[in-house]
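Enquirer: One structure, as structure tokens, below. Some questions next.
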Amino acid sequence: MRRRSFLATLGAGMLINIPQNVRGNVHSEGGISLRNDPYADVEWDDVGRHRGEFHVHTTAGQYRWKPHEAIDLYNEEYDTDILALAPKTPSPDHWPWTHLSHFGEEVDQEWENRDPWELGMIDVEGGESTDHEHIIHIGSRSISAEDNDEVFEYIADFDSYGLFSHPGRAWEGHETDDLAHFFETYYPEALGIDVWNQGYRSDDRELWTNLNREFLSGMYEIERPIWGFSNDDTTRDEEGDTGSDVDTNWNVFLLDELTREAFHDALENGRWYIQVQPEVGAEAPTIDAIEHDADEKTLTVEADNYDELRWLDENGSTIETSETFAYGQTNPGVFARVELESDEGEASSQPFQFNPAIGRWPRETGHTEATDRVETVAWSDDLFAYGGRDGGLHVHETGDEWEHVESILLNAFVLVARFDSDGDRLGLGSDDGELMIVDTSSWEVLETFDEVESDLEGFAWSPNDSAVAYGGEGGEVYVRAVEDWSPVTTLEEGDVRVEGVTWSDDYLAYGGRDAEVHIHEIGSADGDGWDHVDTFDDADEIIEAVEFSPSGDAIGYCSRDGRVYVRETDEWELIETINVGSMVRDIDWGGEDDWLACGSDDGALHVYETDAWQLVTTLDDIAERCYAVSFSADDAYLGAVDYGRPYEAHVYATPANDR
């Protein structure tokens, strides 16, 4: 006769209450949004924390403790409130605990009954089916089976759940294809995997990351999270002190009351976090709260006993190391989680699922005249240009055909290109230190200047095209009057290579490999003035680009530290720091100070709206690194270049495009 499991008594066929989608992700037109927060219903100040363990073996499998001894140990020594004994097959029943003395007779052992109500515990029927991959049962016993499918069919028959124990041993640490079959086919029965098992004997974080990325991105028929577990897996058979398989792994369930109903609801919705520690008696980090601010689009964790904190994106890469994760300003992908570490262990949250920021920025066209890495992109009213390490600047007409009209060939790498405001002239900086001024009607070189030692990467026209400023190796910035190309002044606050130069109506700014940005007032054409106003040194690494906003009311600069810094230009106060999460190579403003676009080493182009500094779109079809970005003169297009093969220049239509 079929037995009813402890879970089945709560109502057969209950599904995990997770927003689902079949084939395809839900994207957010207003920027990235949090789609599923497993802790959304948790009142952190009042909720109970209850330790759960689902992988405890007994003498029925020639292991250390009799069932009642294991129950007493976990209850009295390790404050465990939710416990599943996990006999392997063949073994006598271990549940319910009030019948243990009877079950022990089957193996000629004296087992004692335990009343979970008197102990203040939830007794979970459990087991470990081991004929194939090891599957832990939550709510049913283990069985002998022909294959894993038969195990999960049995689990489904008893309205119970299963999780894969130490799955990396069977799937080479991170391969997901075969394992994904079970999470796709048996929903909600296949609940998750052991992320940590028997201390750090099995560490399957990479596999857990890969599974969640695939299942939360619509790669399979069903879209769902894969929950993470951490279990002791008590298997040692020696006498004496407990070893690394006891009190090293556990799950902390967040319950308003210690009842089966509350546990069941938490289990279905991922309302727990996991911990691991290297030895008995250590104090692993604990998660005290994770609060969501929907208006600010932030997640903030409160925790204890940790030295390092990491917010990890869908690839397992660290994207934030502070308590507050501003997900609205970054691109975690389809999920993120927080992980805490100390010498005494680690803790991790369950995954937070996001709707990626996919806005109305379709790809208009792409061009591949370049034959080597592309370093710069530029626009005039009717021209689009890009160039780099093939020594050429390739120029296209804008419009329906995007016809290639010219390739200017240099005997050096093209590092920077900028049109003047009318598009009549073009400035080109190269790695040999030369600046060339080119007439765009004839494509003839008008002037060449060679003061820069090498690597002329910073160049800009003044707002009224009356002057140019440029710099490179050495740190000096040279200013010339366009009327007769005479020298005006040389600015020498920098002492290493200049990477970016920018003008507003009132100021000239530049930054570079000294990780600093220097601000000067604009002086006279005869060299008077040009006073140094300020220097900003808040970036941790090289400054890659500096840009005043179109109004001149703000200045942005980006760094290899993965951040973009924005200051207002009245008092020069820092008003925003955007953690892009990957080395930022270039920035540009669009609209009437409406957007800030960033190209980064993650192969993506990130665009932020400047009202609330939220990410509105991520354009990720760039093959390698996005080395340069630029809005067209009318803001209808956004250009970006690919540093890697196929060395392509991409053009995207912005929301301002009405063509």
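Numbering follows this note's numbering, with no gaps: position 629 of the sequence shown is 629.
Beta carbons: idealized from backbone N, C-alpha and C, even for Gly.
Using DSSP bridges, identify the partner residues of His-680.
Expert: No answer is possible for residue 680: it lies beyond the span of the chain, which begins at 1 and ends at 659.
Enquirer: Considering only DSSP beta bridges, list what Asp-439 is partnered with.
Expert: Arg-425
Enquirer: Measuring straight from C-alpha to C-alpha, what distance separates Gly-192 and Tyr-386?
Expert: 48 Å
Enquirer: Can you list, in chain order, the residues of its chain with a C-beta nearer than 7 Å to that of Met-583? Leave out the 5 residues immediately preceding and following it.
Expert: Result list for Met-583: Arg-560, Gly-562, Ser-600, Asp-601, in chain order.
Enquirer: Evaluate Leu-574 with the Cβ neighbour count: other Cβ atoms within 10 Å of its Cβ, from every protein chain shown; 16 or more gives buried, anything less gives exposed.
Expert: exposed
Enquirer: Check Gly-162 in the structure and name its three-state DSSP category.
Expert: strand
Enquirer: Can you tell me which residues form a DSSP beta bridge with Val-546?
Expert: Tyr-557
Enquirer: Which one of Tyr-74, Val-496, Phe-253 has the shortest CA to CA distance from Thr-234?
Expert: Ranking Tyr-74, Val-496, Phe-253 by CA distance to the CA of Thr-234 puts Tyr-74 first.
Enquirer: Decide if the region 480-495 is in contact with the region 458-470; the criterion is three or more beta carbon pairs, one per stretch, under 8 Å apart.
Expert: Enough Cβ pairs lie closer than 8 Å, so yes.
Enquirer: Go ahead and pull the three-state DSSP assignment for Asn-212.
Expert: helix
Enquirer: What distance in whole Å lies between the Cβ atoms of Phe-164 and Glu-133, which are believed to be in contact at a cut-off of 8 Å?
Expert: 6 Å
Enquirer: Under three-state DSSP, which class holds Phe-183?
Expert: helix
Enquirer: Grouping DSSP H, G and I as helix and E and B as strand, with all else coil, what is Tyr-327?
Expert: If DSSP states are grouped into helix, strand and coil, Tyr-327 belongs with the helices.
Enquirer: Rounded to the nearest angstrom, what separates Gln-20 and Ile-222 at their Cα positions?
Expert: Residue placement at Gln-20 cannot be trusted, given a pLDDT of 38 that sits under 50; what the coordinates show is reported in the next sentence. Going by the C-alpha atoms only, they are around 7 Å apart.
Enquirer: Apart from the five residues just before and just after Glu-341, which ones in its own chain have a Cβ nearer than 6 Å to its Cβ?
Expert: Glu-308
Enquirer: Consult DSSP for His-132 and reduce its assignment to one of helix, strand or coil.
Expert: coil
Enquirer: Tell me whether Arg-260 sits in a helix, a strand or coil according to DSSP, three-state version.
Expert: Arg-260 falls in the helix class under three-state DSSP.
Enquirer: Alpha helix (DSSP H) containing His-68: first to last residue?
Expert: 67-76
Enquirer: Which two residues bound the contiguous alpha helix (DSSP H) that contains Ile-155?
Expert: 148-157
Enquirer: Apply the 10 Å Cβ neighbour rule to Pro-351 and answer buried if 16 or more other Cβ atoms are within range, or exposed otherwise.
Expert: buried
Enquirer: From this set, Ala-412, Asn-411, Gly-427, which residue's C-alpha is nearest Arg-418's C-alpha?
Expert: Gly-427
Enquirer: Residues bridged to His-650 by DSSP?
Expert: Gly-366, Ala-640
Enquirer: Using CA atoms only, rank isn't needed, just tell me which of Asn-331, Leu-312, Gly-316 is closest to Ser-322.
Expert: Leu-312
Enquirer: Of the residues Asp-93, Asn-579, Asp-177, Tyr-187, which one's Cα is nearest the Cα of Arg-141?
Expert: Asp-93
Enquirer: Near Asn-148, which residues of its chain fall below 6 Å by C-beta distance, leaving aside the five closest residues on each side in sequence?
Expert: His-132, Glu-133
Enquirer: For the candidate residues His-166, Leu-216, Gly-458, whose alpha-carbon lies nearest to that of Arg-205?
Expert: His-166
Enquirer: According to the neighbour-count rule (16 or more other Cβ atoms, all chains shown, within 10 Å of its Cβ), is Arg-645 buried or exposed?
Expert: exposed
Enquirer: Does the count of Cβ pairs from the region 488-499 and the region 447-458 closer than 8 Å reach three?
Expert: yes
Enquirer: Note down, in chain order, each residue of its chain lying with its Cβ closer than 7 Å to the Cβ of Lys-66, except the 5 sequence neighbours on either side.
Expert: Thr-58, Thr-59, Gln-109, Trp-111
Enquirer: Measure the C-alpha to C-alpha separation of Ala-539 and Glu-624 and round it to an integer number of angstroms.
Expert: Near 24 Å, if we compare the C-alpha coordinates of Glu-624 and Ala-539.
Enquirer: Which residues bound the alpha helix (DSSP H) around Phe-103?
Expert: First-last of the alpha helix (DSSP H) with Phe-103: 100-104.
Enquirer: What did DSSP end up calling Pro-487 once you bin it into helix, strand or coil?
Expert: strand
Enquirer: If Thr-300 and Thr-324 are in contact, beta carbons under 8 Å, what's the gap, nearest whole angstrom?
Expert: 4 Å
Enquirer: Asn-411 by DSSP, collapsed to three states: which one?
Expert: coil
Enquirer: With a CB to CB cut of under 6 Å and the five nearest residues on each side skipped, what residues in its chain are close to Asp-586?
Expert: Result list for Asp-586: Ala-545, Gly-599, Ala-628, Val-629, in chain order.
Enquirer: If you run the structure through DSSP and keep just helix, strand and coil, what is Thr-448?
Expert: strand
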